[in-house]
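Numbering (our numbering), first residue to last: 4 to 538. A virtual CB, placed ideally from N, CA and C, is assigned to each residue, including glycine. Working notes, structure below.
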């Protein structure tokens, strides 16, 4: 019998497999429902108990041990331990001084035990209990009593501590004086590189005849007395420093060819100065170099300061040993013995045909064009200067002896001081007011040194009293030779920055933050500077 084709076969019945599928689906649904019920039940329990746990934690924090309050409490065990520990430390020092090392070791051991107990209390937040502290307190008390028995009482402790404090103060004072003296010696010394440069330049001056011919020609230049030009004077024995002053002035000038610089130096450095400024160009500016030893009119019969500087007492003071705390070391600087330091009071005599001039110290750097100073109205005054009384100690009473009636009867102790180092002088008004004669008068009055200490600022404050026109502070910013914290914005806005102080920019002890402001005006490519490493 033939079989039917596949499409005509009767389908097989599978009722049993359908029932299995239905049962699996029912069980899955029941398991899913049970999971949701259990999950919701657990969430309710968590939310129900969480506020209670949070409240318990807050209560615990509120009741947490306060270590500061514990120390402030009079009845606190921690405070008693701390006080005993302080007293024990004092006795440790005294025991060591008396070579009682065993007692010192015992006290130190108990001090460590106290420290451990207090540290534990601070870390755990639990107060120190009497059971924990009692053994330490008893043993510490016994040791302190033992120390008192061997005469380490409170009176002895106080006397010993006072002697220690006095000894430390004496050592600190001695160290401060020594530091000041050493700094002053460093500031006075000529760096080896500058000495090398002077020798090389002096050799050029002596070996190159053309330099001396140029020097003679420059002396008769009509530009030196032309009042239509801008004149500057510098009195210095430092070639590199003077070069920086002139170079920075011409670099920042609008019309450098209209500038004329008048340098006065001493006989030792005259040749090196001439060689340097004759062999270098400063953008067409005129540079004159003079020798102070050729100022024959500036002698003892005319100038009281010359007589005082040449006296044996002055030379013994400047070149003798340092006199400790009796005299401030900087006042023994031999620069005060140099006549160059006092030439600023003789400018009208040195330049009799000039009407206005700007005086510059050799430790300044010019950052702006200075020619507007010459058109400034000084309102009939002789001197244009930046006042320095923004600080209280820069008033007259800080420079002068107002207990002397000569000073107190003529000057206001609260008058504002002003700065030397960048000044515009009206030489016509100077001659009219006869300021140099006033300077001579005050130098004669101070022959015994009772009116002021050494230096040129005090006599300048007296001689130019009532004759000084205050300038804007930005014309002259001081302090780069001692003040580490001058505002950068003030330095950037300054027309002239002044390295007054011991930390001169050409010394190794210069303030590193300010030194690049000076170094950038040195001609580093000059062969002599490279050989001597003066840069």
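Could you give the first and the last residue of the continuous beta strand (DSSP E) run that contains residue 193?
Here residue 193 belongs to no beta strand (DSSP E), and DSSP marks it neither H nor E.
Rounded to a whole number of angstroms, what is the C-alpha to C-alpha distance between residue 275 and residue 527?
18 Å
At a cut of 8 Å, does the region 238 to 247 reach the region 375 to 384 through at least three beta carbon pairs?
no
When you compare only the Cα positions, how much space is there between residue 374 and residue 177?
48 Å
Any idea what DSSP makes of residue 233, helix, strand or coil?
strand
Local conformation of residue 199 per DSSP, three classes
helix
How would you call residue 291, buried or exposed, if buried means at least 16 neighbouring beta carbons within 10 angstroms?
buried
Can you give me the C-alpha to C-alpha distance between residue 231 and residue 376, rounded to a whole angstrom?
14 Å
Give me whichever residues DSSP pairs with residue 247 in a beta bridge.
Answer by DSSP bridge pairing: none, since residue 247 is not bridged.
Beta carbon of residue 251, beta carbon of residue 361: below 8 Å?
no
Does the beta-carbon of residue 161 have 16 or more other beta-carbons within 10 angstroms, so that it is buried, or is it exposed?
exposed
Buried or exposed (CB count within 10 angstroms, at least 16 for buried), residue 449:
buried
Terminal residues of the continuous alpha helix (DSSP H) containing residue 311?
307 to 312
One or two residues paired with residue 419 in a DSSP bridge:
398
Beta-carbon gap between residue 459 and residue 529 smaller than 8 Å
no
So, residue 446 versus residue 350, is the Cβ gap smaller than 8 Å?
no
Under a three-way DSSP split, which group does residue 228 fall into?
helix
Looking at C-alpha atoms only, which residue of 289, 94, 125 and 203 is the closest neighbour of residue 534?
203
Write down the C-beta distance between residue 363 and residue 282 rounded to the nearest angstrom, noting that I regard them as a contact closer than 8 Å.
Their Cβ separation, rounded to whole angstroms, is 22 Å, which puts residue 363 and residue 282 out of contact at 8 Å.
What three-state label does DSSP hand residue 389 in the structure shown?
strand
Over the uninterrupted beta strand (DSSP E) stretch that includes residue 500, give me the two end residues.
499 to 501
Kindly indicate which three-state DSSP category residue 358 falls into: helix, strand or coil?
coil
Out of 135, 471 and 272, which has the shortest C-alpha to C-alpha gap to residue 198?
272
Is residue 120 near residue 136, with beta carbons less than 8 Å apart?
yes
As a quick exercise: from 516, 304 and 400, pick the residue whose alpha carbon is nearest that of residue 416.
400
Output yes or no for whether 8 Å exceeds the beta carbon distance between residue 506 and residue 524.
no
Count the other CB atoms, across all protein chains shown, that sit within 10 Å of the CB of residue 452; report buried if there are 16 or more and exposed otherwise.
exposed
Indicate whether residue 262 and residue 233 have their beta-carbon atoms separated by less than 8 Å.
yes
Rounded distance between the beta-carbons of residue 143 and residue 113, thought under 8 Å
5 Å
Within the same chain, show all residues whose beta-carbon is closer than 7 Å to that of residue 531, passing over the 5 residues directly before and after it, in chain order.
200, 203 and 204
Per-residue DSSP class, three states only, for residue 429:
strand
Using only alpha-carbon positions, find the residue among 140, 115, 104 and 266 that is nearest to residue 82.
140
Supposed contact pair residue 366 and residue 503 - C-beta distance, whole angstroms, cut 8 Å
6 Å
My understanding is that residue 293 touches residue 218, with C-beta atoms under 8 Å, so please give their C-beta distance in whole angstroms.
Residue 293 to residue 218, Cβ: 10 Å. No contact.
Determine the contact status of residue 356 and residue 228, defining contact as a CB-CB distance below 8 Å.
yes
Determine the DSSP secondary structure at residue 344, reduced to helix, strand or coil.
helix
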